[in-house]
Each structure stands twice: as structure tokens, then as C-alpha cells.
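What follows is a single structure, written as C-alpha cells, with notes after it.
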Amino acid sequence: MTNFSVLDGSIVGVYLLVTMIAGIMVRKYVGKVEDFLVAGREMNVYLGIASLAATEFGIVTCMYTAQNGFEKGFAGAIPGVLTFLAMYLVGYTGFCVKPLRDSGVMTIPELFEQKFGPRVRWTSGVVIVLGGLLNMGVFLRTGGDFLVSVCGIDPGYHEIRITELSVIGAGVVRIKFGYLEIMMTALLVGVAVYTILGGMLSVLVTDFLQFIVMSLGLIVVTFLILDRVGWSTLVNTVQTNYGEGGFNPLKNASMGWSYVIFNALLNTAAVLTWQTQIARVLAAKDSATGRKVYTGTSFFFVARFLIPGIWGIAALALLTPEQIGGDTLLAMPKMLSIVVPAGLMGLLVASMLAADMSTDSSYMLTWGSVIYNDIMAPFRKVPWSEKKGLFWNRTIIALIGVFLLIYGLWYKLEGDLWTYLGITGSIYLSSMSVLLIACCYWKRANSWGAAAAIVCGAAIPALTLILQKVGPYTEWFTQNGTVCGVATYVIVALAMVVGSLLKPRF
Amino acid sequence: MLNGISNMLTNHWFWGALTIACLAWYSTITIYVAIKGAGDIREMLRKLARGKHSNA
Chain A
1 MTNFSVLDGS IVGVYLLVTM IAGIMVRKYV GKVEDFLVAG REMNVYLGIA
51 SLAATEFGIV TCMYTAQNGF EKGFAGAIPG VLTFLAMYLV GYTGFCVKPL
101 RDSGVMTIPE LFEQKFGPRV RWTSGVVIVL GGLLNMGVFL RTGGDFLVSV
151 CGIDPGYHEI RITELSVIGA GVVRIKFGYL EIMMTALLVG VAVYTILGGM
201 LSVLVTDFLQ FIVMSLGLIV VTFLILDRVG WSTLVNTVQT NYGEGGFNPL
251 KNASMGWSYV IFNALLNTAA VLTWQTQIAR VLAAKDSATG RKVYTGTSFF
301 FVARFLIPGI WGIAALALLT PEQIGGDTLL AMPKMLSIVV PAGLMGLLVA
351 SMLAADMSTD SSYMLTWGSV IYNDIMAPFR KVPWSEKKGL FWNRTIIALI
401 GVFLLIYGLW YKLEGDLWTY LGITGSIYLS SMSVLLIACC YWKRANSWGA
451 AAAIVCGAAI PALTLILQKV GPYTEWFTQN GTVCGVATYV IVALAMVVGS
501 LLKPRF
Chain B
1001 MLNGISNMLT NHWFWGALTI ACLAWYSTIT IYVAIKGAGD IREMLRKLAR
1051 GKHSNA
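Chains as they are written, first to last, in my numbering: chain A, 1 to 506; chain B, 1001 to 1056.
Below you can see the structure in the form of C-alpha cells.
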């Protein structure tokens, strides 16, 4: 039983309608591929901040950060603090992002071609898309889980029968479906429609609306929780369940130094190369604007982890083990379904839909841009017309949507969500960040080093994922995902250095 | 309200202060970005429309 009422449904409906109309209306401004992929490079600071913040907070973010709060206490918010530091420093100094934006490229692999050659560009594109899409694969199901839990919808499967008449006789076709799958599909189709039509322009405009709705929902619900539960109860709950480890990551049995170091490396690499983040730098008017977007958004990443983390701690304080069930990922939405009153529930669901839609649209567009710009590039012997380019970009986004539906429906997640996202993200983050730093600042870096870094960066996280599922050490690899993560970054950096030094200089 | 803030700053002050900073930052930046961002959108669309006409 939840507090989701007709009023709440109306709020959600109006929000969805306004977003869709806004997203579709700007399609008339798209005339070239550059308009579609990087909004004609006309994005200014405040729109960039709204767009970056909205993109980097989806339902999946809210779920895993709340799970971190539930399972690790306040210490679970430490990745947010590390991201803030990394993004602020990168924005302030312009480390890598300045030369990247000044080069005028549309994607990171395009820059790599200038230093390492076309093969490295193509391979980088493949690695980026592979890591990004695997990472995004869990978004839809997690978002669906949240909405089903909060709205109190029966997730059970239903069967419909369709009487079929044909020349060979009459029969009955049975189709099984659940509300979660229907909601996931409807959400994705809605997002895909405006992303396909308007590209980055639609993404930026809808992100702006979504940022406002999302922020409003997050602030109001957090004040409500602090009022209902109280700070002392939150602190006491963490103290009782996790002791000092709930406040200090270094004293937490499930975290420690390897967790902190892995997250520092992971988040710095994400700030430098994560396609959705770097797309804002590339869409900015100039490198100074891109850097201001980074410094201006940086503190948002603390809120991104801490606010849902507090929701997770509130779930720990308010729910009984029977109410939580076996899945800690669903504790936070179950708590919200009880605590948030009718009327506010509509704002909460609208804000979470806003968060999810902005993330999905941006992810589909930015990974699609790499497929078009870098993976398909060698197959274009003659430059394509703008019309043909736009057609292929739109087709790629539609295909990514289909892939997400299939992978999002069938993949069963092992371990905690943040670690899964970290490992799949590391498939490209480790190698791409090393390549980018070497490309910008190390003259001796060359294609041999780049190739070695890409191979190690993709192989080690993929091997970790496999060893978590099969073989005699599944338990060790599941428990020590962060150690494997740190090892990946170290080995990739060494591979770049050794590979580059081995290549003869003529 | 003041009691609540005082409690957050004395009971595990680091996380309390960070939570207050997040809520304060979020509340103010949302309004500021909402106003300035709308101007950015208008300017961006105007420039794109102008560029489209000049290309045509």
C-alpha cells in the first residue's frame, strides 16, 4: 500500500507531456550533424551545469547511492566527495579538458587519431561503446524496480490471450508480461522519440527542465525525511549498525583503503573521459566555458551521493528486516512509499522520472556519437552528406534503445550495483583516461603503448566479471572487486609506458 | 529549525555540515541555474536559428 494517488498521477502526466513537447519542439534547429551531436557548440555555462547535473543523476544513481547509505552508512557517500574534488581540480586547472576542447574534436577517439593513428581511434571507439553500453544496461530494470516499488504497483506477471485465426485453423497465442517491463519500454520509447528527433539540443533543453523538477523533488523529500526521522535517529542508526565504520570509510570492513583509492581513480577517470560528462565540455562554446561547467557542477556530486545516502539510512532506521526483504537495493523506495504523502508522491515520481529520462537520453546520444564518429568512420570512404549523417545518428540511437530493452530485461546483477557499474565502467575508463593523459602531456607516447593500455584496460575488468561468476575463486573476486579495480589502473598505466618505450624511434 | 542545525553540527559535525551545505547549495543553485539557464537556452536557439538562415 503506498500514497500514490490520482493527483500524483496527474502531476507525473503533466510533467511528461511538457518534457516531450519541449524535446520535440527544438528538432527544427537541427540542420547538421554538429548540431545533433554537440548542439552546434553553443552551450553556455548555466545550461551546461543543469544538463551535466541532470544527466549524472538517474534513478539508478539514486538507487545505488541509497544502497551505499543503507549498507555503509554516511561513509558510503565518500565517492561523491572524491568526485567533487576530482571535477573541481580538473575544471580549475583545465587538466586534459582544455587541450581536448581546444582541439575542436567531437569525441575523445577523434583526438587519439591525431597522436596514435586511425586504428587506435577505431579500437578506442569500440572499447568506449562496449564499456558504456554494458554500464547502461542495468539502468532500465533498476529504474523500473524503483517506480514499481514507490507506486505500489503489483510487479507480478500477467497473461493475455489472443485468439488467432489463420488459413490453417484457429488457435490461442499467450503473451506473458509484467508492469515493470511495460513501464521500462514506455519510458525508453518516450525518451528515444525526442532524442532521435532533436539530438543534443533536445537533450540540453529537456535536461534543463528535468534538473529543476529533479532538484525540487530531492530537496523537498530530504527535508521531509530529516523532519520525520530526525538527524539524531539517522546518526544513532548508523552508529548501532556499523559503529565508527559507518562514518569513516577507512574503518569500515567493506571499504578500507582499496575502496577509497579505487573510487579516487575511477571518479577522476570518469571526470576526464566519461562520455556523458566530456560531451558537455565538447558542446561548450569554448574551453573556458567547459571548465566553468565543471567547477560549477562539482559540488553537486557530493549531493548526488549524500542525499540518496540519507534516504538509504532512513530506510535502515524505519523499516523492519521483513519489510526490506532480501534486496537492499529496494529498501529506499519501500521507505519512500510509506513516508512520502499523497501529492508529494507525484513530485517525487516526476523528479525521479526526470532524473532517469535525462540520463537515458544523454547516454543514448553520447554513446551513439562514438559509434557514428569513430567506429563507422573507416567505412566512410567519401564524406557523407549532412542528411545521411543525421539519418545514421538517429538509426544508431534507435538501435541502442532496442539493445537496452533486451539487455536491461535479461541481465541479472550479481553483487552491489556501484561495484558492477565501477567494473564495467573501468573497461574503458582505465585505458581511455591513461590514453588521454598520455596524448595531452607525454611526447613519447605512441600507438604501441596505446594498444597495450587498451588491451589491459578491457581484459582485466572483463576477466574480473567472468571470475566473479565461474571458477574456484568466485567469492574472493566478488569481495575484492575494488582491489582488482585498482590493479587495472596501475597495470594500464604501466602498459602505456612499457609499450611506448618498446616501440623503436626512427 | 535552529535546534536541528545545531544538532547536525555537533553530532558528527563533518557529515552534518556536509548535509547542510548540500541542501543550501542545491536550494540556491536550482533557482539561480533555472533563471540563468533559461537565458542560455534562448541565446543558444537564437544563434542556431541565425546560423541556419545564413547557411541557407
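Don't be surprised by glycine CBs; every beta carbon is placed ideally from N, CA and C.
- For Ala-445 (chain A), the three-state secondary structure derived from DSSP is coil.
- When Cβ-Cβ separations below 8 Å define contact, Trp-1015 (chain B) makes contact with chain A.
- Taking a C-beta cut-off of 7 Å against chain A, the contacting residues of the segment 1019-1051 of chain B are Thr-1019, Cys-1022, Leu-1023, Trp-1025, Tyr-1026, Ser-1027, Thr-1030, Val-1033, Ala-1034, Lys-1036, Gly-1037, Asp-1040, Ile-1041, Glu-1043, Met-1044, Leu-1045, Lys-1047, Leu-1048, Ala-1049, Gly-1051, listed in chain order.
- Non-local C-beta neighbours of Ile-396 (chain A) in its own chain, meaning closer than 7 Å and more than five positions away in sequence, comprise Gly-368, Ile-371, Tyr-372, ordered along the chain.
- With its beta carbon at least 8 Å from every one in chain B, Leu-282 (chain A) lies outside the interface.
- Residues of chain B whose Cβ lies closer than 8 Å to the Cβ of Glu-42 (chain A) are, in chain order, Glu-1043, Met-1044, Lys-1047, Leu-1048.
- Near chain B, meaning a CB-to-CB distance below 9 Å, the residues of the segment 12-29 of chain A are Val-26, Lys-28, Tyr-29.
- Shown here for Trp-122 (chain A): same chain residues with a beta carbon closer than 8 Å to its own, the five before and five after excluded, namely Pro-109, Asp-374, Ile-375, Ala-377, Pro-378 in chain order.
- The segment 127-138 of chain A and the segment 424-438 of chain A touch, with no fewer than 3 CB-CB distances between them shorter than 8 Å.
- At a cut-off of 8 Å, the C-beta of Ala-86 (chain A) has no neighbouring C-beta in chain B.
- With contacts defined as CB atoms closer than 8 Å, Gly-73 (chain A) and Phe-247 (chain A) qualify as a contacting pair.
- The Cβ of Phe-36 (chain A) sits no closer than 8 Å to any Cβ of chain B.
- Across the structure, Ala-303 (chain A) and Leu-1045 (chain B) are spaced so that their CA atoms are roughly 31 Å apart.
- Ala-75 (chain A) and Met-255 (chain A) do touch by the CB rule: their CB atoms are close to 6 Å apart, below 8 Å.
- Linking Ile-437 (chain A) to Val-90 (chain A) through their CA atoms gives a straight-line distance of about 12 Å.
- Residues of chain B whose Cβ lies closer than 7 Å to the Cβ of Phe-299 (chain A) are, in chain order, Trp-1025.
- Note that the C-beta distance between Leu-1009 (chain B) and Ala-1017 (chain B) is below 8 Å.
- Secondary structure at Ala-284 (chain A): strand, using DSSP grouped into helix, strand and coil.
- Gly-457 (chain A) counts as buried, since at least 16 other C-beta atoms from the protein chains shown sit within 10 angstroms of its C-beta.
- In its chain, beyond the 5 residues on either side, Ser-430, Ser-431, Val-434, Ala-453, Cys-456, Gly-457 have a beta carbon closer than 6 Å to the beta carbon of Val-492 (chain A).
- Two segments are said to touch when three or more pairs of C-beta atoms, one from each, lie closer than 8 Å; by this definition the segment 236-247 of chain A does not touch the segment 356-363 of chain A.
- For Gly-368 (chain A), the enclosing alpha helix (DSSP H) has its first and last residue at 344-370.
- When the five nearest sequence neighbours on each side are left out, the beta carbons in the same chain lying within less than 8 Å of the beta carbon of Met-184 (chain A) are those of Leu-140, Arg-141, Gly-143, Gly-144, Leu-405, Gly-408, Leu-409, in order along the chain.
- Taken residue by residue, none of the segment 85-106 of chain A has a beta-carbon sitting less than 9 Å from a beta-carbon on chain B.
- Just so you know, the alpha carbons of Ile-78 (chain A) and Leu-494 (chain A) end up roughly 27 Å apart.
- Within 7 Å of the CB of Leu-501 (chain A), no CB atom of chain B is found; the nearest one sits about 44 Å away.
- The segment 224-234 of chain A and the segment 28-38 of chain A do not touch, with fewer than 3 CB-CB distances between them shorter than 8 Å.
- Per DSSP, the unbroken alpha helix (DSSP H) holding Pro-321 (chain A) starts and ends at 321-324.
- Here Met-136 (chain A) carries a helix assignment [DSSP, helix/strand/coil].
- Under the DSSP assignment, Lys-72 (chain A) falls in the alpha helix (DSSP H) whose first and last residues are 59-72.
- Counted as a single uninterrupted DSSP element, the stretch harbouring Ala-77 (chain A) is not any alpha helix (DSSP H), since DSSP gives it neither H nor E.
- With fewer than 16 neighbouring CB atoms inside 10 Å of its own CB, Ala-186 (chain A) falls in the exposed class.
- It is roughly 8 Å from the alpha-carbon of Phe-403 (chain A) to the alpha-carbon of Gly-137 (chain A).
- The segment 271-287 of chain A and the segment 18-31 of chain A do not touch, with fewer than three beta-carbon pairs separated by less than 8 Å.
- Leu-52 (chain A) places its beta carbon less than 8 Å from that of Val-293 (chain A).
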